[in-house]
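As structure tokens, the structure follows; a few thoughts come after it.
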Amino acid sequence: MSQIKLIKPTMGYAKEIMKYRQEFLDSGDDLAGCGNLRLCSSAQEWIHGLNILENKDTCPKDKVTSNTYLAIRHSDNKIIGIIDFRHHIDHPILSLWGGHIGYSVRPSERRKGYATQMLRENLVNCKQHGLEKVLVCCDFDNIASKKTISANGGIFEKEIMVDGGKIERYWIQL
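In the numbering used here, the protein residues as written are 269 to 442.
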């Protein structure tokens, strides 16, 4: 049984969202799968931006429609991670190395299997939106993400170079 649930971000989680953001800023880690949370000064600003991206009529032309979810732990209602999925990857960056899905787990909650659960539940969302397969990418040296992707059926496609760093591409059939 999953220890987490994926929910759409709401203002009811505003304080937790900003604590999540701060934990990443303090650690210097990347906020993958979080939209522009790093740049937002408030949860309200972030949620508003996410809502714009959900609808093709309001999504800016240089972006793709997407859904972002908070991964909430059942036992204490704490935000453990954030995960998104892009409805398509018809975009120069996403088709090369961004992929359909991005995610992060807060630094204090890593190595507990949450990312695997988050990705598993998000794949259901992808399938419900009509996707048949998804591209998920990670840095070459991100062993935890490689394991997460593989545990969810990810098949290694190839390694590419992006800005001097190695990125691995995986496909997951839904």
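Just so you know, even glycine gets a beta-carbon here, dropped at the ideal spot from N, CA and C.
Neighbour-count burial assignment, residue i, 16 or more Cβ in a 10 Å radius
i: R437; result: buried
i: V373; result: buried
i: S219; result: In this structure the chain extends from 269 to 442, so residue 219 is not present and cannot be described.
i: G242; result: Within the shown structure, residues of the chain are numbered from 269 to 442, placing residue 242 beyond reach of any answer.
i: T416; result: buried
i: I361; result: exposed
i: R289; result: buried
i: G398; result: exposed
i: P277; result: buried
i: I411; result: exposed
i: D352; result: buried
i: N449; result: Shown here, the chain extends from 269 to 442; a query on residue 449 therefore has no answer.
i: L293; result: exposed
i: I435; result: buried
i: I315; result: buried
i: L305; result: buried
Reduced DSSP secondary structure (H/G/I, E/B, other) of residue i
i: N304; result: coil
i: Q312; result: helix
Residue range of the alpha helix (DSSP H) that includes residue i
i: K283; result: A282 to S295
Range covered by the beta strand (DSSP E) that runs through residue i
i: L274; result: I272 to I275
**Start-end ranges of the alpha helix (DSSP H) lying completely within the region 383 to 436, minimum 4 residues** = 411 to 419
**Item:** Meets three-Cβ-pair contact criterion under 8 Å: the region 375 to 384 and the region 426 to 442
**Value:** no
**Prompt:** Which ranges does the alpha helix (DSSP H) cover as unbroken runs of at least 4 residues, wholly within the region 307 to 383, from first to last along the chain?
**Reply:** 311 to 322
**Asked** For the 8 Å Cβ check, are there 3 or more pairs between the region 348 to 358 and the region 333 to 340?
**Response** yes
**Request:** Spell out a yes or no on whether the region 360 to 372 and the region 384 to 402 are touching, meaning 3 or more CB-CB pairs, one atom from each, closer than 8 Å.
**Result:** yes
**Item:** Sufficient close CB pairs (3 or more, under 8 Å) joining the region 302 to 316 to the region 337 to 346
**Value:** no
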